[in-house]
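Asks: Residue numbers (UniProt numbering): 1 to 42.
By construction, the Cβ of each residue, glycine as well, lies at the ideal position given by its N, Cα and C atoms.
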């Protein structure tokens, strides 16, 4: 049986220290997934 993703969590609050050094240049919401900023998937 194939399972599909129904919900996802996009971290958009806080300082983003776990995403360093990427978050030094961009906000977490703007980090790209493939070629699209994460926030556009909402």
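Are residue 30 and residue 21 close, meaning C-beta to C-beta below 8 angstroms?
Replies: Looking up residue 30 in the chain shown gives position 30. Looking up residue 21 in the chain shown gives position 21. Contact flag unset, no.
Asks: Work out the CA separation of residue 1 and residue 9 for me, nearest whole Å.
Replies: Here residue 9 refers to the residue found at position 9 when the chain shown is read from its first residue. Here residue 1 refers to the residue found at position 1 when the chain shown is read from its first residue. Each residue's alpha carbon lies about 24 angstroms from the other.
Asks: I need the straight-line Cα distance from residue 19 to residue 28, nearest angstrom please.
Replies: Numbered from its first residue, the chain shown carries residue 19 at position 19. Numbered from its first residue, the chain shown carries residue 28 at position 28. Each residue's alpha carbon lies about 8 angstroms from the other.
Asks: Can you give me the C-alpha to C-alpha distance between residue 12 and residue 42, rounded to a whole angstrom?
Replies: Locating residue 12 in the chain shown gives position 12, counting from the first residue. Locating residue 42 in the chain shown gives position 42, counting from the first residue. Residue 12 and residue 42 have their C-alpha atoms roughly 12 angstroms apart.
Asks: Going by Cα to Cα distance, which pick from 7, 5, 32 and 26 is closest to residue 15?
Replies: The sequence position of residue 15 within the chain shown is 15, counting from 1. For the residues 7, 5, 32 and 26, the minimum Cα distance to residue 15 belongs to 26.
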